[in-house]
Amino acid sequence: ALNKLIAPMVSGIFAGDPETMSLKSCFPRIHQLEQEYGGLLKAMIKLAKEKKEQRKQGKEVASAAGPGGVLTSFSDGIQELTDSVAAAFNGKVECDAAVTRIDRKQGGYDLNLENGKTFEAQIVIGAVPAHALSQMVDSLDDEIPDLLRDIPYAPMNVICFGYEREKIGHDLNGFGYLIPRREGCSTLGTLWDSSIFPHRAPEGKVLLRSMMGGATNPTAIDLSDRAVQQRTQADLKASMGITAEPDFVRIFRHPRAIPQYTVGHARRLAAINDRLQHYPGLFLTGNAFYGVGLNDCVNASNQVVERVMKFLAR
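Under full-length UniProt numbering, the very last position in the sequence shown is 314; numbers go up by exactly one each time.
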């Protein structure tokens, strides 16, 4: 189960090493099933039997994935989200203004910006990566910066290929695939982007997106573009039988791509939240804490907004 199921999921979602990741923090539902049934396979067998029995009795059986989930995206890229938020915001948006330091003051905080400006704020919501947050609060607290720095990030290369549809023998009926580490491939998996989101490729064209690197192969970030392309194409040939040359290739390198919820992550979060009690009006959110996906970030942000509203209503 670890090598064939959990490991590819950890690699594909977190670019992580299954030997070091916290099951409880990464996959809370799977952790719950293991605790209840004594193992994942036992849980799957037991749940399958329960559903079969429910069907015999004519009862409605809920899907394990919940009702009607679909993959969604933005027509013009994820910047569409931030542009929409900025347009709806009834206030001033300061762009190209990195916060270098947060200082506490009477009734709130001073935000010192890289451009020399200083903003006063009663409430501060930090939603940037943990390593950036740690620098901002380095002089504010003795413990929070180190706790944030203890959240590691995995590097990732994202390789995009454009092909003529007729040159791809595979039917591309699905979302793509993840590759178990023991297969010895260079890539973690490939998404069939134009199958998931048809608007991402013109008629008669195919867009594939492969991932390389992660916590189990961190040095991949330092490979040359040529080596990255060659190794990825070799994996596409082995996995999908693609021998044609792509019409275009784009390689994106992310030295700190995805935060790693390693063993002890829940304890780190508890310690951070405990320290935040000493700083009323300071809130932290983002994908370093309670989920790396966009839906996770939206859910966490909604919870932060509720806490902010309660804080203002005191």
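Every residue, glycine too, gets a C-beta built ideally from N, C-alpha and C.
Only a predicted model underlies this, so the values are computations on that prediction, with no experimental measurement involved.
The alpha carbon of residue 164 has as its nearest neighbour, out of 129, 307, 208, 75, the alpha carbon of 208.
Counting only residues of its own chain and dropping the five nearest sequence neighbours on each side, residue 193 has a CB closer than 6 Å to the CB of 200, 207, 209. Within the same chain, 43, 46 come within 7 Å of residue 37 by CB-CB distance, once the 5 residues on both sides are set aside. Going by C-alpha positions, residue 129 is about 36 Å away from residue 238.
Beta-bridge pairing by DSSP links residue 157 to 212, 253. Under the DSSP assignment, residue 124 falls in the beta strand (DSSP E) whose first and last residues are 124 to 126.
Linking residue 10 to residue 26 through their CA atoms gives a straight-line distance of about 8 Å. Residue pairing by DSSP places residue 207 opposite 162 in a beta bridge. By the 16-neighbour rule on beta-carbons within 10 angstroms, residue 246 is buried. Cβ neighbours of residue 174 within its own chain (closer than 7 Å, five residues either side excluded): 192, 195. Fewer than three Cβ pairs drawn from the stretch 118 to 128 and the stretch 239 to 259 lie within less than 8 Å of each other, which leaves the two stretches out of contact. Note that the stretch 272 to 279 touches the stretch 144 to 151; at least 3 beta-carbon pairs, one per stretch, sit closer than 8 Å. Per the Cβ contact rule, the stretch 136 to 145 is in contact with the stretch 97 to 105 (3 or more Cβ pairs under 8 Å).
Residue 82 counts as exposed, since fewer than 16 other beta carbons sit within 10 angstroms of its beta carbon.
Scanning its chain for C-beta atoms nearer than 7 Å, with the 5 sequence neighbours on each side dropped, one finds around residue 248 the residues 162, in chain order.
Contact annotation, residue 269 with residue 289: C-beta distance approximately 6 Å; criterion of less than 8 Å satisfied. Cβ atoms of residue 15 and residue 204 stay farther apart than 8 Å, at about 32 Å. Rounded to whole angstroms, residue 34 and residue 166 show a C-alpha spacing of 45 Å. A distance below 8 Å between beta-carbons, with the five flanking residues on each side excluded, links residue 231 to the following residues of its chain, in chain order: 186, 187, 212, 223.
The beta carbons of residue 169 and residue 241 sit closer together than 9 Å. DSSP places residue 306 in the helix class (H, G or I) of the three-state scheme. Using a 10 angstroms sphere on the CB of residue 262, the tally of other CB atoms reaches 16 or more, which defines it as buried. By the Cβ neighbour-count rule, residue 124 is buried, with 16 or more other Cβ atoms within 10 Å of its own.
Note that the C-beta distance between residue 12 and residue 178 is below 9 Å. Considered as a whole, the stretch 66 to 129 harbours 99 to 105, 108 to 113, 118 to 121, 124 to 126 as its complete beta strand (DSSP E) runs of no fewer than 3 residues, in chain order.
By the neighbour-count definition (other C-beta atoms within 10 Å, threshold 16), residue 227 is an exposed residue. Annotation: residue 251 to residue 176 spans about 19 Å, alpha carbon to alpha carbon.
Under the three-state reduction of DSSP, residue 41 is assigned to helix.
The beta-carbon separation of residue 280 and residue 218, rounded to 39 Å, does not stay under the 8 Å limit for a contact. Membership of residue 284 in the beta strand (DSSP E) is indicated by the continuous run 282 to 284.
Between residue 80 and residue 74, the C-beta spacing is below 9 Å.
Separation of the CB atoms of residue 8 and residue 180 is rounded to 5 Å, and the pair is thereby assigned contact status at 8 Å. DSSP places residue 248 in the strand class (E or B) of the three-state scheme.
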